[in-house]
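Peer 1: Residue numbers (the numbering used here): -14 to 500.
Backbone N, C-alpha and C define an ideal beta-carbon position, used for all residues, glycine too.
Questions regarding the structure given below will be posed in turn.
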Amino acid sequence: MTEQPPFLCLDPSDNIVVARRFAREGDLFHSHGAPIAASERIDMGHKMAIREIAQGEAIRKFGQPIGFATKPIQPGQWVHTHNVGLGELGHSYEFCTAINEVPKPNTERTFQGFRRADGRAATRNYLGIISTVNCSATSSKYIANAFDESILADYPNIDGVVALAHQGGCAYEYGGTDHRLLARTLAGFAEHANIAAYLIVGLGCETAQASFLAEEHNLIQLNVSSEVAKKPLIMNIQDQGGVAKTVRRGVEALKELLPDANNVQRVPIPVSEIILGTECGGSDGNSGVTANPALGIASDLLVGHGGTSILAEVPEIYGGEHLLTRRAITKDVADKLLERIKWWEDYAKLFGAKIDNNPSVGNKKGGLTTIFEKSLGAIAKGGSSPLRAVYEFAEKVREKGFVVMDTPGYDPPSVTGMIAGGANVVVFTTGRGSCFGCKPVPTIKVATNTPMYNRMIDDMDMNAGTILDGDATVESVGEMIFEKIISVASGEQTKSEAQNIGDEEFCPWTPGPIF
């Protein structure tokens, strides 16, 4: 490994640099030939001023303002929450002014996936138990737990049985916004290409009635024979006579589905049928420098091959949305993004909060100072492709290319929404070390820095910290992520799958009141 300078300048207009590693007092950054010495320790991912910054002056990173100095800052000083605050960015929005089509490949790539009877492409092959309400969560998990290796060993093409249990399902308006949002999420998982067959398990008296879910979304068993598809989908604990009888009947019903679910083989499928969910969690000051822009390269490569890439977490687009409106293919698409931003501002006000309450404690320890800084780094996951659509939470993603989905900034519901929308691979970048998986879709985790990658190597699939180390470029790591996406879509096991992580991360979002 070549010893790299301690600091990295991201844009010529920036008035800060980022520490590649833990920089000591006296470590130098050479600005136009003039050395600037750190006047204090600067932790990895944190920022150092490289010129005098007056109180009220914008702090610039990535060539964009990320906040404003709350006191005068001298060259060499640490720049963080103690001397930086938020203010009005004063963006003037441009629409459709930076639409750059990504190049198309010369040859079509394929992955080895499962071709479903209705034509969709799957990357995994699970059976699911859809719990309508928290009251049926335990029963659903008991059913899933009955399918251990002693049973599934005879069905090698089945990846597992997952109980999609959650904490909601009752105490809100029947047929109201939250009820329909939950139903859309549950239906998105039931109908997901990676779910070969499923059961719906309810209590019986909840708001989120299983019958409402099935009828509202016209649920049928899509990936089994017509004879099996006609069998009942729904079991209510109260009708079955209690938990033990429900579990017994559920296990029997799923066993009947195993032969059909196992009757699949991986076949070549165009890469254009990959729907990628992109997520960043446990972010640090290097997320927007290494892993996120590298994922953006992979995203553009996938879009170039005709695939779909989803950027989520609208509260973490806040402050950088002006960059996306320029890439929108129409003003209507840009307006929908801005409408979702406004919705989040109003939603936060309902609770006496602000949308800029980010970054989290861990984010700040990793060097992120403001939501504007975090958002600029997060948006890098979306590469440079044109923005073709904006979807609401768990809405079915039908557009090819780069799209945005409105999800919260909390990882489990964000990924849940993208999977419900059809994502069949997830790439999750992390600087602090998030350990994440979400069945039935594989999650590839990419570390932003080498120390964390080495410390958590059992959980990290890839290391983008090699960019900071000088051993790779953003472009080369992006190409590696793209190849990893194809390999994992073809069946390569991720680190989270190897540890059987992903049963507890299903997390439908319910923004409204619970009565």
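Beta strand (DSSP E) containing Asn221: first to last residue?
Peer 2: Its beta strand (DSSP E) spans residues 219 to 221.
Peer 1: In the DSSP assignment, find the alpha helix (DSSP H) that holds Thr503 and state where it starts and stops.
Peer 2: One cannot answer for residue 503 here, as it falls past the ends of the chain, which runs -14 to 500.
Peer 1: How about Gly402 and Ala297: are their beta carbons less than 8 Å apart?
Peer 2: It is a contact, given that the beta carbons lie within the stated cut-off.
Peer 1: So, under 8 Å CB-CB, Leu149 and Gly113 are touching, yes? Tell me the CB distance rounded to an integer number of Å.
Peer 2: Contact flag correct, Cβ pair sits at about 6 Å.
Peer 1: Of all the beta strand (DSSP E) runs that stay within the bounds of the region 106 to 132, which reach a length of 3 or more residues?
Peer 2: If we require 3 residues or more, the beta strand (DSSP E) runs fully inside the region 106 to 132 come out as 111 to 116.
Peer 1: Which first and last residues belong to the beta strand (DSSP E) in which Arg373 is found?
Peer 2: Counting along the chain, the beta strand (DSSP E) containing Arg373 begins and ends at 372 to 376.
Peer 1: Put Tyr550 into one of helix, strand or coil per three-state DSSP.
Peer 2: Any question about residue 550 goes unanswered here, given that the chain covers just -14 to 500.
Peer 1: Is Asn219 near Ile180, with beta carbons less than 8 Å apart?
Peer 2: With the sequence shown as reference, residue 219 is identified as Ile, and Asn is not the correct amino acid for it. No. Outside cutoff.
Peer 1: Cβ atoms of Asp396 and Phe421: under 8 Å apart, would you say?
Peer 2: Yes, Cβ-Cβ distance for Phe421 and Asp396 is below 8 Å.
Peer 1: For His76, which residues from the same chain have a beta carbon less than 7 Å from its beta carbon, with the 5 sequence-adjacent residues on both sides left out?
Peer 2: So the qualifying residues of the chain are His307.
Peer 1: Along the chain, which unbroken stretches of the beta strand (DSSP E) at least 3 residues long are found entirely within the region 219 to 290?
Peer 2: Here the runs fully enclosed are 219 to 221, 251 to 255, 260 to 265.
Peer 1: If you measure between the beta carbons of Arg5 and Leu13, is that distance less than 8 Å?
Peer 2: Contact flag unset, no.
Peer 1: Considering only the alpha carbon of each residue, which of Thr162, Gly154, Asp285 lies closest to Val501?
Peer 2: Outside the modelled stretch of the chain, which goes from -14 to 500, sits residue 501, for which no answer is possible.
Peer 1: If we ignore side chains and look at the alpha-carbon of each, how far apart do His151 and Asn130 end up?
Peer 2: Using only the alpha carbons, I get a separation of about 16 Å.
Peer 1: Since Val426 is in the alpha helix (DSSP H), which residue starts that stretch and which ends it?
Peer 2: It is not in any alpha helix (DSSP H) - Val426 carries neither H nor E in the DSSP assignment.
Peer 1: What is the DSSP secondary structure of Gly351, counted as helix, strand or coil?
Peer 2: Looking at Gly351 - three-state DSSP - the assignment turns out to be coil, as it is neither helix nor strand.
Peer 1: Using the three-state DSSP reduction, which class does Trp494 fall into: helix, strand or coil?
Peer 2: Looking at Trp494 - three-state DSSP - the assignment turns out to be coil, as it is neither helix nor strand.
Peer 1: When you compare only the Cα positions, how much space is there between Lys230 and Glu490?
Peer 2: Approximately 27 Å, taken between the alpha carbons.
Peer 1: So what does DSSP say about Val147, is it helix, strand or coil?
Peer 2: Residue state, collapsed to three classes: strand.
Peer 1: Please name the residue or residues paired with Gln97 in a DSSP beta bridge.
Peer 2: BP columns for Gln97 point to Pro253.
Peer 1: So what does DSSP say about Ser369, is it helix, strand or coil?
Peer 2: Looking at Ser369 - three-state DSSP - the assignment turns out to be coil, as it is neither helix nor strand.
Peer 1: Go to Leu308, then tell me how far its alpha helix (DSSP H) extends in each direction, as first and last residue.
Peer 2: Here the alpha helix (DSSP H) through Leu308 covers 306 to 310.
Peer 1: Label Glu301 either buried or exposed according to how many other C-beta atoms from any shown protein chain fall within 10 Å of its C-beta, with 16 as the threshold for buried.
Peer 2: Flag for Glu301 reads buried.
Peer 1: Please return the same chain residues whose Cβ sits closer than 6 Å to the Cβ of Thr310, not counting the five positions on each side in sequence.
Peer 2: So the qualifying residues of the chain are Tyr78, Phe80, Ala319.
Peer 1: Pull up the DSSP beta-bridge partners for Tyr183, would you.
Peer 2: Gly113, per the DSSP bridge assignment.
Peer 1: Of all the CB atoms in chain D, is at least one closer than 8 Å to the CB of Asp163?
Peer 2: Looking at the structure shown, chain D is missing, and only one protein chain is on hand.
Peer 1: If I measure Cβ to Cβ from Arg312 and keep anything under 7 Å in the same chain, skipping five residues before and after, which residues do I get?
Peer 2: Excluding residues within five positions, the ones whose Cβ falls inside 7 Å are Ala83, Ile84, Pro371, Leu372.
Peer 1: Would you check if there are 3 or more beta carbon pairs closer than 8 Å linking the region 261 to 269 to the region 323 to 334?
Peer 2: No, because fewer than three Cβ pairs between the region 261 to 269 and the region 323 to 334 fall closer than 8 Å, the two stretches do not touch.
Peer 1: Apart from the five residues just before and just after Leu71, which ones in its own chain have a Cβ nearer than 8 Å to its Cβ?
Peer 2: Excluding residues within five positions, the ones whose Cβ falls inside 8 Å are Gly52, Phe53, Asp341, Thr355, Ile356, Phe357.
Peer 1: Could you tell me the alpha carbon to alpha carbon distance between Val389 and Glu176, rounded to whole angstroms?
Peer 2: Distance between the alpha carbons of Val389 and Glu176 is about 21 Å.
Peer 1: Is Ala156 buried or exposed, if buried means 16 or more other CB atoms sit within 10 Å of its CB?
Peer 2: Classification of Ala156: exposed, given that the 10 Å Cβ count is below 16.
Peer 1: Under the rule that 16 or more other beta-carbon atoms within 10 Å means buried, what is Leu335, buried or exposed?
Peer 2: Exposed, because fewer than 16 other Cβ atoms sit within 10 Å of the Cβ of Leu335.
Peer 1: Quick check on the burial criterion: 16 or more other C-beta atoms within 10 angstroms. Buried or exposed for Asp163?
Peer 2: It counts as buried.
Peer 1: Less than 8 Å between the CB atoms is what I'm expecting for Gly98 and Ser475, so what's the real figure, rounded?
Peer 2: Indeed they touch by this definition, with Cβ atoms about 7 Å apart.
Peer 1: Among Cys190, Phe387, Ile115, whose alpha-carbon lies nearest the alpha-carbon of Arg169?
Peer 2: Closest option to Arg169, Cα to Cα, is Ile115.
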